[in-house]
Amino acid sequence: MGEVAANIEALRAAVAEAVAAGAQLVVAPELATSGYVFADGEEARAAALRRDDPRWEAITADLPDGVVVVVGYAEDAGDRVFNTAAVLTRSGRLGDYRKSHLWGEESRFFAPGDAAGAVFDTPVGRLGVAVCYDNEFPEVPRRLALAGAEVLALPVNWPLVDRPAGERAPETIQAMAAARSSRLATVIADRHGSERGVAWTGGTAIIDDDGWIAAAAAAGGAGPVVATLRLRHPGDKSLPPHNDLFRDRRPDLYT
30 MGEVAANIEA LRAAVAEAVA AGAQLVVAPE LATSGYVFAD GEEARAAALR RDDPRWEAIT
90 ADLPDGVVVV VGYAEDAGDR VFNTAAVLTR SGRLGDYRKS HLWGEESRFF APGDAAGAVF
150 DTPVGRLGVA VCYDNEFPEV PRRLALAGAE VLALPVNWPL VDRPAGERAP ETIQAMAAAR
210 SSRLATVIAD RHGSERGVAW TGGTAIIDDD GWIAAAAAAG GAGPVVATLR LRHPGDKSLP
270 PHNDLFRDRR PDLYT
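Residue numbering for the sequence shown follows our numbering, starting at 30 and increasing by one per position.
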(Lines of atoms letter the chains of each structure in order from A; the text may use other names.)
(Lines give C-alpha, C1' and ligand atoms only; values in the text may rest on other atoms or scores of the structure.)
Protein backbone atom coordinates (compact mmCIF):
# COMPACT_ATOMS: atom_id res chain seq x y z
CA MET A 30 0.00 0.00 0.00
CA GLY A 31 1.58 3.27 -1.15
CA GLU A 32 4.96 1.69 -1.93
CA VAL A 33 5.10 2.87 -5.53
CA ALA A 34 8.76 2.00 -6.21
CA ALA A 35 8.38 -1.52 -4.83
CA ASN A 36 5.12 -2.03 -6.71
CA ILE A 37 6.70 -0.96 -10.01
CA GLU A 38 9.56 -3.37 -9.43
CA ALA A 39 7.05 -6.17 -8.70
CA LEU A 40 5.22 -5.26 -11.91
CA ARG A 41 8.45 -5.32 -13.90
CA ALA A 42 9.24 -8.81 -12.63
CA ALA A 43 5.69 -10.07 -13.19
CA VAL A 44 5.57 -8.73 -16.75
CA ALA A 45 8.92 -10.37 -17.49
CA GLU A 46 7.59 -13.68 -16.14
CA ALA A 47 4.46 -13.45 -18.28
CA VAL A 48 6.44 -12.56 -21.41
CA ALA A 49 8.78 -15.49 -20.77
CA ALA A 50 5.67 -17.71 -20.71
CA GLY A 51 4.73 -16.43 -24.16
CA ALA A 52 2.23 -13.71 -23.32
CA GLN A 53 1.65 -11.01 -25.93
CA LEU A 54 -1.01 -9.19 -23.87
CA VAL A 55 -0.26 -8.72 -20.16
CA VAL A 56 -2.83 -7.23 -17.77
CA ALA A 57 -2.08 -6.14 -14.20
CA PRO A 58 -4.73 -5.33 -11.55
CA GLU A 59 -6.50 -2.06 -10.85
CA LEU A 60 -4.30 0.46 -9.01
CA ALA A 61 -1.39 -1.97 -9.21
CA THR A 62 1.22 0.75 -8.64
CA SER A 63 -0.38 2.24 -5.54
CA GLY A 64 -2.68 -0.10 -3.64
CA TYR A 65 -6.40 0.50 -3.21
CA VAL A 66 -7.56 1.08 0.36
CA PHE A 67 -6.55 4.71 0.83
CA ALA A 68 -7.06 6.51 4.12
CA ASP A 69 -7.73 9.87 2.47
CA GLY A 70 -7.24 11.90 -0.67
CA GLU A 71 -3.78 13.04 0.34
CA GLU A 72 -2.58 9.45 0.53
CA ALA A 73 -4.06 8.71 -2.90
CA ARG A 74 -2.35 11.73 -4.43
CA ALA A 75 0.98 10.85 -2.82
CA ALA A 76 0.86 7.43 -4.53
CA ALA A 77 -0.26 8.80 -7.92
CA LEU A 78 1.84 8.86 -11.08
CA ARG A 79 1.80 11.30 -13.96
CA ARG A 80 1.60 9.90 -17.48
CA ASP A 81 5.06 11.27 -18.23
CA ASP A 82 6.68 9.88 -15.06
CA PRO A 83 10.05 8.35 -16.02
CA ARG A 84 9.38 5.38 -13.74
CA TRP A 85 7.11 3.88 -16.41
CA GLU A 86 10.28 3.00 -18.31
CA ALA A 87 11.05 0.33 -15.73
CA ILE A 88 8.05 -1.61 -17.08
CA THR A 89 8.41 -0.84 -20.79
CA ALA A 90 12.17 -0.81 -21.41
CA ASP A 91 12.60 -4.59 -21.65
CA LEU A 92 9.35 -5.38 -23.47
CA PRO A 93 9.75 -7.29 -26.73
CA ASP A 94 8.29 -5.66 -29.81
CA GLY A 95 4.61 -6.51 -30.20
CA VAL A 96 3.86 -7.05 -26.50
CA VAL A 97 1.13 -4.92 -24.91
CA VAL A 98 0.87 -4.28 -21.16
CA VAL A 99 -2.17 -2.82 -19.37
CA VAL A 100 -1.50 -1.48 -15.85
CA GLY A 101 -3.93 0.05 -13.38
CA TYR A 102 -2.61 3.11 -11.54
CA ALA A 103 -3.59 6.25 -9.65
CA GLU A 104 -3.13 9.07 -12.16
CA ASP A 105 -1.93 12.49 -11.07
CA ALA A 106 -3.64 14.84 -13.55
CA GLY A 107 -2.76 18.06 -11.76
CA ASP A 108 -5.91 19.31 -10.12
CA ARG A 109 -7.52 15.85 -10.09
CA VAL A 110 -6.59 12.22 -9.47
CA PHE A 111 -8.08 9.42 -11.58
CA ASN A 112 -8.31 5.63 -11.29
CA THR A 113 -6.68 4.88 -14.63
CA ALA A 114 -5.39 2.04 -16.80
CA ALA A 115 -2.32 2.65 -18.99
CA VAL A 116 -1.78 0.79 -22.28
CA LEU A 117 1.95 0.40 -22.85
CA THR A 118 4.37 -1.00 -25.42
CA ARG A 119 8.13 -0.86 -25.76
CA SER A 120 7.85 1.89 -28.36
CA GLY A 121 5.58 4.09 -26.31
CA ARG A 122 2.33 4.69 -24.51
CA LEU A 123 -0.72 3.88 -26.65
CA GLY A 124 -3.12 5.64 -24.31
CA ASP A 125 -4.89 5.73 -20.97
CA TYR A 126 -8.45 5.03 -19.84
CA ARG A 127 -9.93 6.71 -16.76
CA LYS A 128 -12.49 4.66 -14.82
CA SER A 129 -15.93 6.21 -15.20
CA HIS A 130 -17.99 4.15 -12.73
CA LEU A 131 -16.56 4.67 -9.24
CA TRP A 132 -17.22 2.04 -6.59
CA GLY A 133 -17.85 2.61 -2.87
CA GLU A 134 -15.56 5.26 -1.40
CA GLU A 135 -13.53 5.75 -4.59
CA SER A 136 -15.29 9.06 -5.16
CA ARG A 137 -13.49 10.36 -2.05
CA PHE A 138 -10.17 9.96 -3.86
CA PHE A 139 -10.82 9.98 -7.60
CA ALA A 140 -12.63 12.02 -10.21
CA PRO A 141 -14.74 9.96 -12.63
CA GLY A 142 -13.63 9.57 -16.22
CA ASP A 143 -15.74 10.84 -19.09
CA ALA A 144 -15.92 7.71 -21.30
CA ALA A 145 -17.52 4.28 -20.84
CA GLY A 146 -14.42 2.26 -21.65
CA ALA A 147 -11.98 2.88 -24.49
CA VAL A 148 -10.65 1.05 -27.56
CA PHE A 149 -7.02 1.19 -28.67
CA ASP A 150 -5.34 -0.10 -31.82
CA THR A 151 -2.47 -2.24 -30.59
CA PRO A 152 -0.01 -4.83 -31.95
CA VAL A 153 -2.35 -7.56 -30.63
CA GLY A 154 -5.45 -6.08 -32.28
CA ARG A 155 -8.20 -3.70 -31.21
CA LEU A 156 -8.08 -3.71 -27.43
CA GLY A 157 -10.97 -2.61 -25.26
CA VAL A 158 -10.13 -1.36 -21.78
CA ALA A 159 -12.41 -0.90 -18.79
CA VAL A 160 -11.75 -0.95 -15.03
CA CYS A 161 -13.48 -3.14 -12.45
CA TYR A 162 -16.97 -1.72 -11.64
CA ASP A 163 -17.29 -0.46 -15.24
CA ASN A 164 -17.97 -4.05 -16.29
CA GLU A 165 -20.97 -4.32 -13.95
CA PHE A 166 -22.83 -2.18 -16.50
CA PRO A 167 -23.70 -4.32 -19.57
CA GLU A 168 -23.61 -1.24 -21.77
CA VAL A 169 -19.84 -0.93 -21.35
CA PRO A 170 -18.57 -4.23 -22.80
CA ARG A 171 -21.32 -4.13 -25.44
CA ARG A 172 -20.26 -0.60 -26.45
CA LEU A 173 -16.65 -1.69 -26.77
CA ALA A 174 -17.60 -4.75 -28.83
CA LEU A 175 -19.71 -2.59 -31.14
CA ALA A 176 -16.67 -0.34 -31.55
CA GLY A 177 -14.68 -3.30 -32.84
CA ALA A 178 -12.82 -4.44 -29.73
CA GLU A 179 -11.46 -7.99 -30.09
CA VAL A 180 -10.35 -8.41 -26.49
CA LEU A 181 -11.31 -6.60 -23.29
CA ALA A 182 -8.53 -5.92 -20.78
CA LEU A 183 -10.11 -5.59 -17.34
CA PRO A 184 -7.92 -4.59 -14.37
CA VAL A 185 -9.97 -5.11 -11.19
CA ASN A 186 -9.88 -5.13 -7.40
CA TRP A 187 -12.87 -7.31 -6.49
CA PRO A 188 -13.65 -7.29 -2.75
CA LEU A 189 -14.59 -10.80 -1.62
CA VAL A 190 -18.35 -11.20 -1.12
CA ASP A 191 -20.41 -14.10 0.19
CA ARG A 192 -21.70 -16.58 -2.37
CA PRO A 193 -23.26 -20.04 -2.30
CA ALA A 194 -20.86 -22.95 -1.97
CA GLY A 195 -19.47 -24.01 -5.32
CA GLU A 196 -20.45 -20.82 -7.15
CA ARG A 197 -18.08 -18.52 -8.96
CA ALA A 198 -17.74 -14.91 -7.87
CA PRO A 199 -20.69 -12.85 -9.14
CA GLU A 200 -18.34 -10.51 -10.99
CA THR A 201 -16.88 -13.49 -12.86
CA ILE A 202 -20.35 -14.67 -13.84
CA GLN A 203 -21.19 -11.20 -15.15
CA ALA A 204 -17.94 -11.07 -17.14
CA MET A 205 -18.63 -14.50 -18.66
CA ALA A 206 -22.12 -13.41 -19.68
CA ALA A 207 -20.87 -10.17 -21.22
CA ALA A 208 -18.15 -12.02 -23.13
CA ARG A 209 -20.70 -14.49 -24.48
CA SER A 210 -23.35 -11.94 -25.40
CA SER A 211 -20.88 -9.82 -27.40
CA ARG A 212 -18.31 -12.45 -28.43
CA LEU A 213 -15.69 -10.40 -26.58
CA ALA A 214 -12.78 -12.27 -25.02
CA THR A 215 -11.95 -10.79 -21.62
CA VAL A 216 -8.72 -10.78 -19.61
CA ILE A 217 -9.32 -10.10 -15.90
CA ALA A 218 -6.47 -9.25 -13.52
CA ASP A 219 -7.62 -9.27 -9.88
CA ARG A 220 -6.00 -8.78 -6.49
CA HIS A 221 -5.53 -11.63 -4.03
CA GLY A 222 -4.90 -11.72 -0.30
CA SER A 223 -6.01 -8.70 1.71
CA GLU A 224 -5.17 -5.04 2.26
CA ARG A 225 -6.08 -2.99 5.33
CA GLY A 226 -8.82 -5.42 6.29
CA VAL A 227 -10.30 -5.80 2.79
CA ALA A 228 -10.13 -9.37 1.44
CA TRP A 229 -9.85 -9.76 -2.33
CA THR A 230 -11.59 -12.33 -4.52
CA GLY A 231 -8.50 -13.52 -6.40
CA GLY A 232 -10.66 -13.67 -9.52
CA THR A 233 -7.95 -13.42 -12.18
CA ALA A 234 -9.26 -15.22 -15.28
CA ILE A 235 -9.07 -15.36 -19.05
CA ILE A 236 -12.45 -15.75 -20.75
CA ASP A 237 -12.75 -16.76 -24.41
CA ASP A 238 -15.17 -15.19 -26.88
CA ASP A 239 -17.76 -17.91 -26.24
CA GLY A 240 -17.89 -16.88 -22.58
CA TRP A 241 -16.00 -19.88 -21.20
CA ILE A 242 -13.07 -19.59 -18.80
CA ALA A 243 -9.90 -20.62 -20.62
CA ALA A 244 -7.69 -20.22 -17.55
CA ALA A 245 -8.13 -18.94 -14.00
CA ALA A 246 -6.18 -18.33 -10.83
CA ALA A 247 -5.76 -21.26 -8.48
CA ALA A 248 -7.21 -21.11 -4.98
CA GLY A 249 -5.71 -18.10 -3.25
CA GLY A 250 -5.28 -16.20 -6.49
CA ALA A 251 -1.48 -15.89 -6.49
CA GLY A 252 0.73 -16.07 -9.56
CA PRO A 253 0.26 -15.37 -13.26
CA VAL A 254 -2.49 -16.88 -15.39
CA VAL A 255 -1.63 -17.51 -19.05
CA ALA A 256 -3.78 -18.85 -21.89
CA THR A 257 -3.72 -18.87 -25.67
CA LEU A 258 -6.95 -17.74 -27.32
CA ARG A 259 -7.91 -18.28 -30.95
CA LEU A 260 -10.24 -15.38 -31.69
CA ARG A 261 -12.82 -14.95 -34.39
CA HIS A 262 -12.63 -11.94 -36.65
CA PRO A 263 -14.07 -9.05 -34.59
CA GLY A 264 -16.86 -8.59 -37.12
CA ASP A 265 -17.94 -12.24 -36.87
CA LYS A 266 -20.84 -12.41 -34.45
CA SER A 267 -22.58 -15.23 -36.32
CA LEU A 268 -24.57 -17.97 -34.60
CA PRO A 269 -24.90 -20.56 -37.37
CA PRO A 270 -26.98 -21.50 -39.16
CA HIS A 271 -29.52 -18.68 -38.86
CA ASN A 272 -28.49 -15.96 -36.42
CA ASP A 273 -26.02 -13.20 -35.72
CA LEU A 274 -25.59 -11.56 -32.32
CA PHE A 275 -25.27 -8.05 -33.71
CA ARG A 276 -27.43 -8.17 -36.83
CA ASP A 277 -30.31 -9.56 -34.76
CA ARG A 278 -30.24 -6.61 -32.38
CA ARG A 279 -33.34 -4.39 -32.30
CA PRO A 280 -32.09 -1.05 -30.94
CA ASP A 281 -35.37 0.58 -31.94
CA LEU A 282 -37.07 -1.52 -29.25
CA TYR A 283 -34.56 -0.88 -26.46
CA THR A 284 -35.14 2.79 -25.72
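Backbone N, C-alpha and C define an ideal beta-carbon position, used for all residues, glycine too.
- Non-local beta-carbon contacts of aspartate 94 in its own chain, meaning distances under 7 Å to residues more than five positions away in sequence, involve Arg119 in chain order.
- Cβ-Cβ distances below 6 Å link arginine 220 to Pro58, Asn186, Trp229 in the same chain, with the five nearest sequence neighbours on each side left out; the list follows chain order.
- The criterion of a C-beta distance shorter than 7 Å is satisfied by valine 97 and threonine 151.
- Rounded to whole angstroms, the gap between the alpha carbons of glutamate 38 and proline 280 is 47 Å.
- 7 Å or more divides the Cβ of glycine 157 from the Cβ of alanine 208.
- Residue state for alanine 45 is assigned as helix, using DSSP reduced to three classes.
- Following the DSSP letters along the chain, one finds leucine 175 inside the alpha helix (DSSP H) bounded by residues 168-175.
- If you draw a 10 Å sphere on the C-beta of asparagine 272, you find fewer than 16 other C-beta atoms in it, and that means exposed.
- CA-to-CA, the gap between threonine 257 and aspartate 143 works out to about 33 Å.
- In the DSSP assignment, arginine 155 falls within the beta strand (DSSP E) that extends over 154-158.
- Here DSSP, grouped into helix, strand and coil, assigns arginine 259 to coil.
- Taken through DSSP and simplified to helix, strand or coil, leucine 123 comes out as strand.
- Sequence-distant partners of alanine 251 (beyond 5 residues in either direction) whose C-beta falls short of 7 Å from its own C-beta, in its chain, are His221.
- DSSP, reduced to helix, strand and coil, places proline 83 within a helical segment of the structure shown.
- Cβ contact annotation for serine 223 (same chain, cutoff 8 Å, sequence separation greater than five): Trp229, in chain order.
- The Cβ-Cβ distance between alanine 145 and arginine 109 does not fall below 7 Å.
- Secondary structure note for glutamate 200: its alpha helix (DSSP H) is the uninterrupted segment 199-211.
- In this structure, alanine 47 sits near valine 55, with a CB-CB distance shorter than 7 Å.
- Linking alanine 178 to histidine 262 through their CA atoms gives a straight-line distance of about 10 Å.
- Distance from alanine 176 to valine 148 at the Cβ level is roughly 5 Å; contact confirmed, criterion being Cβ atoms closer than 8 Å.
- Looking at the DSSP output, phenylalanine 111 sits in a beta bridge with Glu104.
- Comparing alpha carbon positions, the residue from Pro184, Phe67, Ile242 closest to alanine 206 is Ile242.
- Residue burial annotation: leucine 117 is buried, with at least 16 other C-beta atoms found within 10 angstroms of its C-beta.
- Apart from sequence neighbours up to five positions away, the residues of its chain that approach aspartate 238 with a beta-carbon distance below 7 Å are Ala208, Arg212, Leu213, Ala214, Leu260, Arg261, ordered along the chain.
- The beta carbons of proline 188 and valine 227 sit closer together than 7 Å.
- As a beta-bridge residue in DSSP terms, threonine 215 pairs with Leu181, Ile236.
- Counting along the chain, alanine 75 sits inside the alpha helix (DSSP H) bounded by residues 70-75.
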